[in-house]
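The structure appears below as structure tokens.
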Amino acid sequence: AQTVTQSQPEMSVQEAETVTLSCTYDTSENNYYLFWYKQPPSRQMILVIRQEAYKQQNATENRFSVNFQKAAKSFSLKISDSQLGDTAMYFCAFMIKEYGNKLVFGAGTILRVKS
Amino acid sequence: KAGVTQTPRYLIKTRGQQVTLSCSPISGHRSVSWYQQTPGQGLQFLFEYFSETQRNKGNFPGRFSGRQFSNSRSEMNVSTLELGDSALYLCASSLGAQGYTFGSGTRLTVV
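Structure below.
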């Protein structure tokens, strides 16, 4: 079975500080993609960062970076210099290439950035 | 570039009725997928359409169906609505494994 586990239901961080959101996943496939999506109160899902499993280099998008540990099946998201606008629900997800464009999501982590 | 457009944004229906939700993908995107989001079950994949063909289907009863038109617009239909169908329904379009672009969703309430 393909599953994604986000072990932190809620987290909070002070503005300008760094926070790391955890994600582990389970699949026996070798060729897949990993994603972090953000869902603010406006409810629109926004792609934060994407990682291809065959690439060892960790993806980075401005203040967002990942720590991808393929052997451990871990894909954590680090947010640096947190901003109030980062307050949202964050979902970790993966997609197996051979199964088409089907995303499997974790339960999500609510992140609150405090001023 | 216009994003993914879902209509309507909110919908209230009565048990037993049927409902149709609409999704217009980003221009050029041929893959459209639908997800159901509920507090209890989280985000669950319903189905994916590519070039008017259903390519992938999630674990939902046959009351949930969809289709895609030649212009890539997609509709999702739920028949014989149940209270448990109350959810946020998200549509997403994609060019491939670059990741999905989601719409703002349709909030369906079944009373």
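In order, the protein sequences belong to chains A and B. Under this note's numbering, read the first sequence as residues 1 to 115, first letter to last. Under this note's numbering, read the second sequence as residues 116 to 226, first letter to last. Note that beta-carbon positions come from the ideal geometry of N, C-alpha and C, so glycine has one too.
Range of the contiguous beta strand (DSSP E) that encloses residue i
i         : result
Met89(A)  : 88-96
Phe165(B) : 157-165
Tyr33(A)  : 32-39
Ile49(A)  : 46-52
Ser139(B) : 134-139
Tyr150(B) : 146-153
Ser65(A)  : 64-69
Asn101(A) : Taken as a continuous stretch (DSSP letters only), Asn101(A) belongs to no beta strand (DSSP E), as it is neither H nor E.
Residue i - DSSP class collapsed to helix/strand/coil
i         : result
Gly181(B) : strand
Asp26(A)  : strand
Leu126(B) : strand
Leu21(A)  : strand
Leu210(B) : coil
Leu84(A)  : helix
Tyr215(B) : coil
Leu196(B) : coil
Glu15(A)  : coil
Whole-angstrom C-beta distance between residue j and residue i, which should lie under 8 angstroms
i         : j         : result
Val225(B) : Leu205(B) : That pair is no contact at about 17 angstroms.
Val147(B) : Ser185(B) : Incorrect: roughly 13 angstroms between the Cβ atoms, too far for contact.
Thr109(A) : Gln39(A)  : At roughly 11 angstroms, the Cβ-Cβ gap does not stay under 8 angstroms, so Thr109(A) and Gln39(A) are not in contact.
Leu158(B) : Phe105(A) : 4 angstroms
Gly118(B) : Thr195(B) : Contact flag wrong, Cβ pair sits at about 32 angstroms.
*Can you list, in chain order, the residues of the segment 86-105 of chain A whose Cβ is nearer than 9 angstroms to any Cβ on chain B?*
Listed in sequence order: Phe91, Ala93, Met95, Lys97, Tyr99, Gly100, Asn101, Lys102, Leu103, Val104, Phe105.
_Within 7 angstroms of chain A by C-beta, residues of the segment 170-182 of chain B in sequence order_ = Residues passing the 7 angstroms Cβ filter: Arg170, Asn171.
*Determine which residues of the segment 197-219 of chain B have a Cβ less than 8 angstroms from any Cβ of chain A, and write them out in chain order.*
Cβ contacts with chain A: Leu203, Leu205, Ala207, Ser209, Gly211, Ala212, Gln213, Gly214, Tyr215, Thr216, Phe217, Gly218, Ser219.
_Output needed in chain order: residues of the segment 43-77 of chain A with a Cβ under 7 angstroms from some Cβ in chain B._
Against chain B - using a Cβ distance shorter than 7 angstroms - the residues of the segment 43-77 of chain A are Arg43, Gln44, Met45, Leu47, Arg50.
*asked:* To be precise: take each residue of the segment 151-163 of chain B, compare its Cβ to all Cβ atoms of chain E, and keep it if any distance is under 7 angstroms. Which residues remain?
replied: Structure shown: chain E not included; protein chains present are A and B.
*Chain-ordered residues of the segment 127-150 of chain B with a beta carbon less than 7 angstroms from chain A*: If the cut-off is 7 angstroms between Cβ atoms, the segment 127-150 of chain B has Ser146, Ser148 near chain A.
*Check distances from the C-beta atoms of the segment 2-30 of chain A to those of chain B and list, in chain order, the residues that come in under 8 angstroms.*
Cβ proximity to chain B below 8 angstroms picks out nothing from the segment 2-30 of chain A.
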